[in-house]
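This report concerns only the one structure given below.
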């Protein structure tokens, strides 16, 4: 009897508790999929499929609280889908090991700047036309990166939205819609290639769905300061994971 669907469900449950708010669900799910015996490409494909479930359920949960600017989020989502599709064609041209280091360092620097500004993301600011344009461009570029690599996309898009003027909670909500478009696009491409293990993907996705629903409810009660602290913890763990990948050391 294959016990990995059960293991993946509980792994998704744990990952969903925080990933719905700040991203980074792959920190838990991807190692489990590899441990289950899936080849790397199949693990990436199955992770992307389950991530689409996580993003969709999370977006619905946030929208129940009227926290999403739906028109703008969907607009950015379409931009992310296009970028993700283009990015999938770049995978063979990029040295993943070097990319681990680059993204890890960028995440560390951006996070240090962000969290040094104590009041940012705690109160919503006026959204300017300039910030709309910059956010759209940033989303497209991040989605290209996310299409072929993905690690850190959720953190980056959330940080972009915070810098744009949204609070941490609204950035988390908007980010889930954008993330759904990106993950769903990747899942369709991978499904066409026959790379998704649906038994594992649905088990993981079910855990993600339940965990995300619970996690968002808890975060909404705690507020922006909680999301801010959670984001910092998960980003630092991701930086550790990315840099250890560059050094070929299995830390996480």
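In this note's numbering, the protein residues as written are 459 to 710.
From the three backbone atoms N, C-alpha and C, an ideal C-beta is built for every residue, glycine too.
In this text the structure is predicted, and so the values were computed from the model without any measurement.
Check, Outcome
"Just to confirm my understanding: we take residue 689, look at its own chain, exclude 5 residues before and 5 after, and list those with CB closer than 6 Å. What are they?", "480"
"Distance, Cα to Cα, residue 536 vs residue 591?", "15 Å"
"Is it buried or exposed, residue 490, if we count other Cβ atoms within 10 angstroms and call 16 or more buried?", "buried"
"Let me confirm a value: residue 523 is counted as buried when at least 16 other C-beta atoms fall within 10 Å, else exposed. Which label applies?", "exposed"
"In angstroms, rounded to a whole number, what distance separates the CA positions of residue 622 and residue 533?", "15 Å"
"Hey, would you say residue 529 sits closer than 9 Å to residue 582, going by beta carbons?", "no"
"Identify which residue in 588, 589, 506, 604 has its Cα closest to the Cα of residue 544.", "604"
"Following the continuous alpha helix (DSSP H) through residue 525, name the residue where it begins and the one where it ends.", "First-last for residue 525: undefined, no H or E at that position."
"Which word fits residue 550, buried or exposed, when buried means at least 16 other C-beta atoms lie within 10 angstroms of its C-beta?", "Note that residue 550 has pLDDT 47, beneath the 50 cutoff, so the model's placement of it is unreliable and the number below is only indicative. With fewer than 16 Cβ atoms within 10 Å of its Cβ, residue 550 is classed as exposed."
"Beta carbon of residue 612, beta carbon of residue 482: below 9 Å?", "yes"
"Assuming residue 645 and residue 507 make a contact with CB atoms under 8 Å, what is their CB distance in whole Å?", "4 Å"
"What number of angstroms, rounded off, separates the C-alpha of residue 473 from the C-alpha of residue 584?", "33 Å"
"Classify residue 636 as buried or exposed, calling it buried when 16 or more other Cβ atoms lie within 10 Å of its own Cβ.", "buried"
"Is residue 633 near residue 696, with beta carbons less than 9 Å apart?", "no"
"Which runs of the alpha helix (DSSP H) spanning at least 4 residues fall entirely within the region 578-617, listed in chain order?", "587-606"
"Which first and last residues belong to the alpha helix (DSSP H) in which residue 479 is found?", "462-480"
"Using a 10 Å radius around the Cβ and a threshold of 16 neighbouring Cβ atoms, would you call residue 467 buried or exposed?", "buried"
"Quick check on residue 497: does DSSP put it in helix, strand or coil?", "coil"
"Tell me which residues share the same chain as residue 531 and place their Cβ nearer than 7 Å to its Cβ, disregarding the 5 neighbours each side in the sequence.", "632, 635, 636"
"Count the other C-beta atoms from every protein chain shown that fall within 10 angstroms of the C-beta of residue 694, then say buried if there are 16 or more, exposed otherwise.", "exposed"
"Which residue comes first and which comes last in the alpha helix (DSSP H) that contains residue 623?", "No alpha helix (DSSP H) contains residue 623, which DSSP labels as neither H nor E."
"To which residues of the same chain is residue 602 closer than 6 Å at the C-beta, ignoring the five residues directly before and after it?", "541, 544, 545"
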